[in-house]
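Structure first, then comments.
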Amino acid sequence: MPRAERQPDSPSGVQIDDTDRLLLNNLQGDFPVTHRPYADVAGRLGLTEDEVLRRLRRLVETGALSRFGTILNAPQLGGERTLAAMRVPADRFEEVAAFVNGLDAISHNYERAHDFNMWFVISSEDEADIARTIAAIERETGLAVINLPTVEEYFVDLRFRF
Amino acid sequence: MGALSDDERAVLAAIQDGLPLEPEPYRVVGERTGMSEARVMELITSMLAEGKIKRIGAVPDHYALGITANGMSVWDVPDEVAGEVGRRLGAREEITHCYKRPRQPGWPYNIFGMVHARSRDEVVATVERIARELGLAQYPHDVLFSTRLLKKRGTRVRAQP
């Protein structure tokens, strides 16, 4: 059976200390666009520029941070995205997942504990890709895809307290 | 992605995997893209103001840091109150994403609210607390837990238009 990229429900132990926590809780946005931005945030948090940089590098290396940088706003960049789901028979799940994941336009894919057990985001700079991708999945797998595009967005802000 | 100028695209492509962890990161980006530091800062500032960049900062891997349970709460709410319910649900700090989506054959739910927590029990308790406090317990709802992350890539831009 192909390995999952990562098991969401199994804890993996990246250790962080209080200073890391201070950085994580204060740097999930509003990073200054200035000549010496790390020095600016260091001053605000009572640290040195060097320590902020050393710790951020380590947090990236250990995997506590996916990255230090931008979160882009897909809808503002043009293009389209949608959430879609399928009911995939258990004995075909890996085969179907491999096909779906292999499509460029698929940005996220989750297995979920439900009758609709595969949930994926289709995202492309080219609007026509959405319909093409759904058609390709239905043709290739013989399974129906339900398309659940956003009608209204009330809130999106994936920030965490550590 | 017609909404991006060539210069904006060049800057985003240079930083989308991470801002340089160097004392003068925008100068480094300028060197990589053949622009001045001032031009890079001007482009990033305007893309933040226009909402093309949602934010700049630390992007935690919440799985690695122990926030491992991810529950998609879904609600079947009458259309006439769906907007109000969505706004109230989205205003809860426990909800990280909240959307209205169409119903489909076999899929009756129209409001989606994502809850991240350290355990499934905590997600369920959070959803039930929200249902009680917002008076939503009367509406059919469910929580779909992710059992496996199959693919994840962030929103990316192509280096060339």
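These protein sequence lines map, in sequence, to chains A and B. Following numbering that gives the first Met the number 0, the numbering of the first sequence begins with 0 at its first residue and continues without gaps. Following numbering that gives the first Met the number 0, the numbering of the second sequence begins with 0 at its first residue and continues without gaps. Positions of the beta carbon are idealized from the N, C-alpha and C atoms, including for glycine. All values derive from a computational prediction rather than experimental measurement.
Under 7 Å from the C-beta of residue i: neighbouring residues of chain B
i: Glu164/A; result: No information on residue 164/A is available, as it lies outside the stretch 0 to 161 that chain A covers here.
i: Pro88/A; result: What Pro88/A touches in chain B: nothing, since even the nearest Cβ is about 15 Å away.
i: Thr140/A; result: Those within 7 Å of Thr140/A in chain B number zero; the least Cβ separation is about 14 Å.
i: Ile129/A; result: In chain order: nothing, as chain B lies at least about 14 Å away.
Own chain, CB closer than 7 Å to residue i, minus 5 neighbours either side, in chain order
i: Val156/B; result: Met0, Leu3, Arg8, Leu11, Ala12 and Gln15
i: Pro19/B; result: Val27 and Val28
i: Leu124/A; result: Residue identity differs from the one stated: residue 124/A is Glu in this sequence, not Leu. Contacts found: Gly77 and Gly78.
i: Lys151/B; result: none
i: Thr132/A; result: Leu102, Ala104 and Ile121
i: Pro7/A; result: Residue confidence is low: Pro7/A scores 43 on pLDDT, short of 50, so the model does not pin down where it sits. No coordinate-derived value is stated.
i: Met46/B; result: Glu7 and Ile52
i: Val59/A; result: Arg66 and Phe67
i: Ser118/B; result: Ala68
i: Thr125/B; result: Glu93, Val114 and Ala116
Start and end residues, beta strand (DSSP E) containing residue i
i: Pro77/B; result: Counting along the chain, Pro77/B falls outside any beta strand (DSSP E), and DSSP gives it neither H nor E.
i: Gly65/B; result: No beta strand (DSSP E) contains Gly65/B, which DSSP labels as neither H nor E.
i: Met85/A; result: Glu79 to Met85
i: Ile170/A; result: Residue 170/A cannot be examined here, being either before or after the span of chain A that is shown, 0 to 161.
i: Met117/A; result: Met117 to Ser123
i: Ala2/B; result: Unbroken run through Ala2/B: none, as it is neither H nor E.
i: Tyr25/B; result: Unbroken run through Tyr25/B is the alpha helix (DSSP H), Pro24 to Thr32; no beta strand (DSSP E).
i: Glu110/A; result: Ile105 to Arg111
i: Ser45/B; result: Run containing Ser45/B: none in the beta strand (DSSP E); it sits in the alpha helix (DSSP H), Glu36 to Ala48.
i: Leu64/A; result: Leu64 to Leu71
Chain B residues whose Cβ lies nearer than 8 Å to that of residue i
i: Arg44/A; result: First, the residue type needs correcting, since residue 44/A is Leu and not Arg in the sequence shown. Those do not exist, as Leu44/A stays about 12 Å from chain B at its closest Cβ, beyond 8 Å.
i: Val32/A; result: Tyr25, Met40, Ile43, Thr44, Leu47 and Ile55
i: Ile145/A; result: Gln103, Pro104, Gly105 and Trp106
Where residue i meets chain A, residues with beta-carbon distance less than 7 Å
i: Thr32/B; result: The premise fails here: Thr32/B is roughly 14 Å from chain A at the closest Cβ pair, so nothing lies under 7 Å.
i: Asp60/B; result: Gly62, Ala63, Leu64 and Ser65
i: Gly82/B; result: Glu151
i: Ala63/B; result: Ser11, Val13, Gly62 and Ala63
Chain A contact residues for residue i, given Cβ-Cβ distances below 8 Å
i: Ser4/B; result: Going along chain A, no residue has its Cβ under 8 Å from Ser4/B, so there is no contact; the nearest lies around 12 Å.
i: Pro22/B; result: Arg35, Tyr37, Ala38, Glu48 and Leu52
i: Asp16/B; result: Arg66 and Gly68
i: Gly85/B; result: Glu151 and Tyr153
8 Å Cβ shell around residue i - same chain, five flanking residues per side excluded
i: Arg160/A; result: Asn24
i: Pro107/B; result: Asp75 and Pro139
i: Phe115/A; result: Ala84, Met85, Arg86 and Ile145
Sequence-distant residues of the same chain with beta carbon closer than 6 Å to residue i, five excluded per side
i: Leu149/B; result: none
i: Gly141/A; result: none
i: Asp141/B; result: Val73
i: Ala158/B; result: Ala12
i: Arg31/B; result: Ala13
Contacts that residue i makes with chain B (C-beta to C-beta distance below 9 Å)
i: Leu82/A; result: Tyr98, Arg100 and Phe111
i: Leu55/A; result: Leu20 and Ala57
i: Asp29/A; result: Arg54, Ile55 and Gly56
Chain A residues whose Cβ lies nearer than 9 Å to that of residue i
i: Val122/B; result: Going along chain A, no residue has its Cβ under 9 Å from Val122/B, so there is no contact; the nearest lies around 11 Å.
i: Val156/B; result: Leu71, Leu76 and Glu124
i: Gly50/B; result: Asn72, Pro74 and Gln75
i: Ala90/B; result: Tyr153 and Phe154
Residue i, enclosing alpha helix (DSSP H) - first and last residue
i: Tyr108/B; result: Element bounds for Tyr108/B: n/a, residue is neither H nor E.
i: Asn100/A; result: Phe92 to Asn100
i: Arg59/B; result: It should be pointed out that residue 59/B corresponds to Pro in this sequence rather than to Arg. Element bounds for Pro59/B: not the alpha helix (DSSP H) but the beta strand (DSSP E), Ile52 to Pro59.
i: Gly42/A; result: Pro36 to Leu44
i: Thr61/A; result: Glu48 to Thr61
i: Asp120/B; result: Arg119 to Glu132
i: Arg152/B; result: That residue, Arg152/B, is in no alpha helix (DSSP H); it is neither H nor E in DSSP.
i: Glu152/A; result: Here Glu152/A belongs to no alpha helix (DSSP H); instead the beta strand (DSSP E) covers Glu151 to Val155.
9 Å Cβ cutoff, residue i in contact with chain D
i: Leu21/A; result: The structure shown contains no chain D; its protein chains are A and B.
Does the segment 44 to 64 of chain A come close enough to the segment 85 to 102 of chain A to have 3 or more Cβ pairs within less than 8 Å?
Remark: fewer than three beta-carbon pairs, one from each stretch, lie closer than 8 Å, so the segment 44 to 64 of chain A and the segment 85 to 102 of chain A are not flagged as touching.
At least 3 beta-carbon pairs within less than 8 Å: the segment 66 to 76 of chain A vs the segment 42 to 51 of chain B:
Between the segment 66 to 76 of chain A and the segment 42 to 51 of chain B, the count of Cβ pairs shorter than 8 Å is three or higher; the stretches touch.
What residues in the segment 124 to 139 of chain B bring their beta carbon closer than 7 Å to a beta carbon of chain A?
Listed by position along the chain: nothing, the set is empty.
Touching or not, the segment 34 to 42 of chain B and the segment 100 to 111 of chain B, by the rule of three or more beta carbon pairs under 8 Å?
Taking a contact to require three or more Cβ pairs closer than 8 Å, the segment 34 to 42 of chain B and the segment 100 to 111 of chain B do not qualify as touching.
With three or more C-beta pairs closer than 8 Å as the rule, is the segment 128 to 145 of chain A touching the segment 31 to 39 of chain A?
Touching, no, given that fewer than three Cβ pairs across the two stretches are closer than 8 Å.
Closer than 8 Å is the cut-off here; do at least three beta carbon pairs connect the segment 80 to 91 of chain B with the segment 105 to 116 of chain A?
Between the segment 80 to 91 of chain B and the segment 105 to 116 of chain A there are fewer than three inter-stretch CB-CB distances shorter than 8 Å, so the stretches are not counted as touching.
Beta carbons nearer than 8 Å to chain A: which residues of the segment 65 to 76 of chain B have them?
So the list reads Gly65, Ile66, Thr67, Ala68, Asn69 and Met71, given in the order they occur along the chain.
Residues of the segment 96 to 107 of chain A with a CB closer than 7 Å to any CB of chain B: list them in chain order, please.
For the segment 96 to 107 of chain A, the beta-carbon criterion of a distance under 7 Å to any beta-carbon of chain B is satisfied by Ala96, Asn100, Ile105, Ser106 and His107.
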